[in-house]
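Peer 1: My questions will all concern the structure given below.
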Amino acid sequence: MDVCSRLWCSVIRQGQMVCLTKKLPAVEGTPCGKGRICLQGKCVDKTRKKHYSTSNHGSWSSWGSWGSCTRTCGGGVQFAQRLCNNPPPRNNGRYCTGKRAIYRSCNVTPCPPSNKTFRQEQCEARNGPQTDPKGVKTFVEWLPKYAGVLPKDVCKLTCRAKGTGYYVVFSHRVVDGTECRPHSSSVCVKGKCVRTGCDGIIGSKLQYDKCGICGGDSTGCIRVVGNFTKKSKGYTDIVKIPAGSTHIKVRQHKAKDQTRFTAYLAFRRPNGEYLLNGKFMISTSETIVPLNGSLLNYSGWSQRDEWLHSMGPGALKEPLVVQILATDAKKSLDVRYSFFMPRTTSPQQLLAPKMTQPQSTTTTSSTTRTTSTTSSTTLSSFTLPALIQGPIAALGPSPPTTGPQWVTGSWMACSRTCDTGWQSRTVQCKDQHGKLSKNCLVGVRPSAFRHCLVKKC
1 MDVCSRLWCS
11 VIRQGQMVCL
21 TKKLPAVEGT
31 PCGKGRICLQ
41 GKCVDKTRKK
51 HYSTSNHGSW
61 SSWGSWGSCT
71 RTCGGGVQFA
81 QRLCNNPPPR
91 NNGRYCTGKR
101 AIYRSCNVTP
111 CPPSNKTFRQ
121 EQCEARNGPQ
131 TDPKGVKTFV
141 EWLPKYAGVL
151 PKDVCKLTCR
161 AKGTGYYVVF
171 SHRVVDGTEC
181 RPHSSSVCVK
191 GKCVRTGCDG
201 IIGSKLQYDK
211 CGICGGDSTG
221 CIRVVGNFTK
231 KSKGYTDIVK
241 IPAGSTHIKV
251 RQHKAKDQTR
261 FTAYLAFRRP
271 NGEYLLNGKF
281 MISTSETIVP
291 LNGSLLNYSG
301 WSQRDEWLHS
311 MGPGALKEPL
321 VVQILATDAK
331 KSLDVRYSFF
341 MPRTTSPQQL
351 LAPKMTQPQS
361 TTTTSSTTRT
371 TSTTSSTTLS
381 SFTLPALIQG
391 PIAALGPSPP
401 TTGPQWVTGS
411 WMACSRTCDT
421 GWQSRTVQCK
431 DQHGKLSKNC
441 LVGVRPSAFR
451 HCLVKKC
């Protein structure tokens, strides 16, 4: 028996001697044999006392190899790890400080065209029969839930039953590499939202410009800002947002003399088909509105706030008509909007087409004017003639004569002063003019990390 690892004591119970232990080691320095003492639960030679009493701080091992990628296409994540065992901390020594794991993007080649997102595939994997409280089995199809999900919860796998408002959090983490929100430049890694470039690579500085072009310079579009303040009743057109527009924001504000809203935002296609809040039916909950490949996020109507934002940098593939449904013709309205539209768009495309309205509503024709000084819509970021001046070919930079190339920066200092460490450098895709691009070949992208060895410790 090792007398040091567990201390036993003899006691007398009911006239008999028995041995008991509290499963604790003997006190440091307890003799355990000739010339030997107990240290850290072991019986060792006295000459090793200094070895067991000296503190040794832990140090990191070298980085391990990169693990498998979480996705086969569309941008996954892979990890490399290191251990605090070189040496491990001993005798109250400090544990290693710094990152235990690092990660990078992998398999960023786009997936084949599909109507399903990676998050949707994870929800659909839960499809199957469900039993309700009454014991009735029904087949449930699960879809991703985006509306109403708090920013801190976007990396949880929250799915809703198709055709209902019922939802379930199936997992506190989606698969690494899943988009945080539709069309966002960020992905989930270990349950946290991490920024990426518009090329889908973690750590990339490449960003979408205001026109929705990855690595662009925003010269191909113009910002439109307007507000609608005219008194009206029923459905009234405010502005038609043309196809190709990006960064759409529409918000209703309370007038100074109002304590509550008396109107509702509505949205329709130019042909009269309503996307939201049509036919006098109002949505009071946050809603994601699909529009031909684009997604619009509507706040839901409330007494506090009402707004609509486009999700992601992608451009509208078809026009969108913004309306206001007013219930009191005596109340002032205040609807403000902004978006970026292609520079080649004609100002007349901002005018919504006249629609035949239901007999129960009193409406005006389009209240959006682009030339009148008394217009209820103001285009504050440009003068209208600038929209169509000059040849179209001169609106943007000329195409590069040679293809873009990967450009690498200098290697950073080694993460360690001795033994194997880690170095990183910037890797960017640039065209012949030095501007960021997204058209480099992914397969020949230089590595942004490498091992380094300064000297033996």
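Using full-length UniProt numbering, read the sequence shown as starting at 1 and increasing by one per residue. Yeah, the Cβ is synthetic: ideal placement off N, Cα and C, and Gly gets one too.
Give the secondary structure of K279 by DSSP, where H, G and I count as helix, E and B as strand, and everything else as coil.
Peer 2: If DSSP states are grouped into helix, strand and coil, K279 belongs with coil.
Peer 1: Distance, Cα to Cα, V149 vs C106?
Peer 2: Near 28 Å, if we compare the C-alpha coordinates of C106 and V149.
Peer 1: I'd like to confirm the pairing. Which residues does DSSP put opposite A326 in its beta bridges?
Peer 2: For A326, which the question treats as bridged, DSSP gives the partners G234, A263.
Peer 1: Tell me where the alpha helix (DSSP H) around residue 502 begins and ends.
Peer 2: Look at the range of the chain in this structure, 1 to 457, and you will see that residue 502 is not part of it.
Peer 1: Figure out for me which residue from G278, Q120, A26 has the closest Cα to the Cα of K156.
Peer 2: Comparing Cα positions, the closest option is Q120.
Peer 1: For V18, which three-state DSSP category applies?
Peer 2: In the structure shown, V18 sits in a strand (DSSP, three-state: E or B).
Peer 1: I'd like to know whether the C-beta atoms of Q78 and C69 end up nearer to each other than 8 Å.
Peer 2: Yes, they are a contact pair.
Peer 1: Tell me where the beta strand (DSSP E) around T298 begins and ends.
Peer 2: The sequence given here has Tyr at residue 298, not Thr. From DSSP, the beta strand (DSSP E) with Y298 extends over 294-298.
Peer 1: Confirm, please, whether the CB-CB distance from C159 to C123 is below 8 Å.
Peer 2: In this structure, C159 lies closer than 8 Å to C123 by Cβ.
Peer 1: Mind checking R343: buried by the 16 CB within 10 Å criterion, or exposed?
Peer 2: Buried.
Peer 1: Let me know if F261 comes out buried or exposed under the rule of 16 or more other beta-carbons within 10 Å of its beta-carbon.
Peer 2: So F261 ends up on the buried side.
Peer 1: How about A263 and Q252: do their beta carbons lie closer than 8 Å?
Peer 2: Yes, Cβ-Cβ distance for A263 and Q252 is below 8 Å.
Peer 1: Give the single residue among V289, L325, E318 whose Cα lies nearest to the Cα of L308.
Peer 2: With distances taken between Cα atoms, L308 lies closest to V289.
Peer 1: Count the other C-beta atoms from every protein chain shown that fall within 10 angstroms of the C-beta of E273, then say buried if there are 16 or more, exposed otherwise.
Peer 2: Classification for E273: exposed.
Peer 1: Between which two residues does the alpha helix (DSSP H) harbouring H51 extend?
Peer 2: 49-53 is the span of the alpha helix (DSSP H), which, as asked, contains H51.
Peer 1: Where does V444 fall in DSSP's three states?
Peer 2: Reduced to three states, the DSSP call for V444 is helix.
Peer 1: Quick check on the burial criterion: 16 or more other C-beta atoms within 10 angstroms. Buried or exposed for H247?
Peer 2: Burial call: buried.
Peer 1: Can you check whether the C-beta of R71 is within less than 8 Å of a C-beta belonging to chain C?
Peer 2: Of the protein chains in the structure, only one exists, and it is not chain C.
Peer 1: Quick check on this structure: which residue in P129, G163, S184, V225 has the alpha carbon closest to the alpha carbon of V154?
Peer 2: When each option's Cα is compared against that of V154, the closest is S184.
Peer 1: Name the residue from Y146, Q432, L291, S437 whose alpha carbon lies nearest to the alpha carbon of G244.
Peer 2: Answer by Cα proximity: L291.
Peer 1: Restricting to Cα atoms, I'd like to know which of P319, V168, R425 is closest to L275.
Peer 2: Measuring from the Cα of L275, the nearest candidate turns out to be P319.
Peer 1: Fully enclosed by the UniProt domain "ADAMTS/ADAMTS-like cysteine-rich" (118-221), which alpha helix (DSSP H) runs are 4 residues long or longer?
Peer 2: Correct list: 118-124.
Peer 1: Provide the residue(s) that pair with P87 in DSSP beta bridges, ordered along the chain.
Peer 2: Paired residue(s): none; P87 is not in a bridge.
Peer 1: Starting from M341, trace the beta strand (DSSP E) in both directions and tell me its first and last residue.
Peer 2: Unbroken beta strand (DSSP E) run through M341: 335-342.
Peer 1: Note down the Cα distance separating P89 from E28, rounded to an integer number of angstroms.
Peer 2: Rounded to whole angstroms, P89 to E28 spans 19 Å at the Cα level.
Peer 1: Are the CB atoms of C221 and M341 within a distance shorter than 8 Å?
Peer 2: Yes. Within cutoff.
Peer 1: Alpha carbon to alpha carbon, how far is G409 from R416?
Peer 2: Rounded to the nearest angstrom, the two C-alpha atoms are 20 Å apart.
Peer 1: Could you give the first and the last residue of the continuous beta strand (DSSP E) run that contains Q78?
Peer 2: 76-81 is the span of the beta strand (DSSP E), which, as asked, contains Q78.
Peer 1: Helix, strand or coil for K99 per DSSP?
Peer 2: Correct three-state label for K99: coil.
Peer 1: Among G216, G76, W60, C429, whose alpha-carbon lies nearest the alpha-carbon of G67?
Peer 2: Closest by alpha carbon: G76.
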